[in-house]
Amino acid sequence: MAVVDGEGRSKCLLVDKIIGKAEVVIKSLGDGLKNIKGVSAGAILGDGNIGLILDPEGLFELSEERSTIPM
5 MAVVDGEGRS KCLLVDKIIG KAEVVIKSLG DGLKNIKGVS AGAILGDGNI GLILDPEGLF
65 ELSEERSTIP M
């Protein structure tokens with residue numbers, strides 16, 4: 005679990021693995037992917053894998069939208 009802070013509140017995310025801290029170059033996702041709520045950018049990691057840069061505010065909005073969907 006990872007705790008994410010934003011807008012004066014905290015939420016927990018269930019993650020598979022935390023790989024640690026790294027300095028990365030943040031890249032735009034481009035026109036086709038730039039409107040994904042909860043994701044703000046991408047990065048190429050040192051091992052060549054792609055990482056996503058999360059947007060806590062967008063994640064909070066998504067969690068609130070999903071919690072208000074009627075069953």
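Quick note on numbering: our numbering labels position 12 of the sequence shown as 16, and the sequence is numbered without any gaps. Where is the CB? At the ideal position from N, CA and C, for every residue including glycine.
Where do the N-terminal and C-terminal ends of the beta strand (DSSP E) with residue i fall, by residue?
{"i": "Gly42", "result": "From DSSP, Gly42 is part of no beta strand (DSSP E); its letter is neither H nor E."}
{"i": "Gly55", "result": "Ile54 to Leu58"}
Under a CB-based cut-off of 9 Å, is residue i close to chain C?
{"i": "Lys38", "result": "Protein chains in the displayed structure number just one, and chain C is not present."}
Please confirm whether residue i and residue j have their CB atoms less than 9 Å apart.
{"i": "Glu65", "j": "Lys41", "result": "yes"}
{"i": "Leu63", "j": "Leu17", "result": "yes"}
{"i": "Ile22", "j": "Ala47", "result": "no"}
{"i": "Ala26", "j": "Leu56", "result": "no"}
{"i": "Pro60", "j": "Val8", "result": "yes"}
{"i": "Ser67", "j": "Lys31", "result": "no"}
Report task. Entirely within the stretch 8-34 and at least 3 residues each: give me those beta strand (DSSP E) ranges in chain order. Result -> 13-17
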